[in-house]
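Residue numbers (this note's numbering): 10 to 196.
For glycine and all other residues, C-beta sits at the position ideal for the given N, C-alpha and C.
As structure tokens, this is what we get:
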């Protein structure tokens with residue numbers, strides 16, 4: 010199927026396996042240039058080889074909870090492809106635990122990896138998308154945003170906030186030709 014994405018550039022976070030990898034492969038098969046990141050260089054290398062069968066690909070070792078890592082990945086993507094048209098935010102889940110067992114450090118780590126990576130990546134790509142008057146931002150998130158799970162306290166809390174952020178961004182950026190959507194995966 011041709012979705013009119015040939016020649017576009019997509020950045021997909023945490024894309025060496027799972028849903029991120031599936032998104033990267035699908036976008037590559039649609040003709041997008043693909044930039045992916047992961048903390049694991051071994052799985053990233055294997056995924057790079059798979060994607061390279063379909064499209065031009067850049068793979069960068071980066072931790073999505075690190076601002077410096079995200080900035081470096083974005084900079085390398087723009088150096089290779091010129092700009093970013095599509096952003097897919099993605100991350101693993103924060104610690105699984107009930108409320109009273111969670112420490113401040115676990116909450117802060119969850120905020121960094123689940124919410125701030127979305128904020129930071131979006132801030133990096135939006136100005137260029139606004140300039141070109143076209144962009145697609147997709148947040149891979151979880152059904153716990155709508156139906157909290159007791160043991161997923163941090164995830165349930167932050168992903169509900171991410172849903173609010175998604176709607177706010179969509180309202181603010183729509184007039185610039187940028188769509189913003191969240192995909193809520195089930196368990």
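Quick check: the region 23-31 against the region 81-95, are at least 3 beta-carbon pairs closer than 8 Å? no
Kindly give me the distance between the Cβ atoms of residue 86 and residue 22, rounded to whole angstroms, as I take these residues to be in contact under 8 Å. The residue labelled residue 86 in the question sits at position 77 within the chain shown. The residue labelled residue 22 in the question sits at position 13 within the chain shown. Actually they do not touch by this definition, with Cβ atoms about 11 Å apart.
First and last residue of the uninterrupted alpha helix (DSSP H) at residue 35: As a first step, residue 35 must be located in the chain shown, where it is residue number 26. It spans 27-38 - the alpha helix (DSSP H) in which residue 35 sits, taken as one unbroken run.
Might you give, ordered along the chain, the residues of its own chain that have their beta carbon closer than 6 Å to the beta carbon of residue 56, omitting 5 neighbours on each side? Sequence index remark: in the chain shown, residue 56 carries index 47 (1-based). So the qualifying residues of the chain are 25 and 30.
Measure the alpha-carbon distance for residue 54 versus residue 37 and round it to whole angstroms. As a first step, residue 54 is located in the chain shown; it is residue number 45 there, counting from the start. As a first step, residue 37 is located in the chain shown; it is residue number 28 there, counting from the start. Cα-Cα distance, rounded: 16 Å.
Residue 66 vs residue 46 beta-carbon contact at 9 Å: Start at 1 with the first residue of the chain shown, and residue 66 comes out as number 57. Start at 1 with the first residue of the chain shown, and residue 46 comes out as number 37. Not a contact, by the Cβ cut-off of 9 Å.
Considering only the alpha carbon of each residue, which of 137, 120 and 190 lies closest to residue 73? Within the chain shown, numbered from 1, the residue matching residue 73 stands at position 64. Of 137, 120 and 190, the residue nearest in Cα terms is 120.
Under 9 Å, do residue 167 and residue 123 count as touching if we go by C-beta distance? Here residue 167 corresponds to residue number 158 of the chain shown, with the count starting at 1. Here residue 123 corresponds to residue number 114 of the chain shown, with the count starting at 1. Contact flag set, yes.
Backbone CA spacing between residue 127 and residue 100 [nearest angstrom]: Sequence index remark: in the chain shown, residue 127 carries index 118 (1-based). Sequence index remark: in the chain shown, residue 100 carries index 91 (1-based). Using only the alpha carbons, I get a separation of about 9 Å.
Identified DSSP bridge partners for residue 188: For this step, residue 188 is matched to residue 179 along the chain shown. Note: residue 188 sits in a beta bridge opposite 145.
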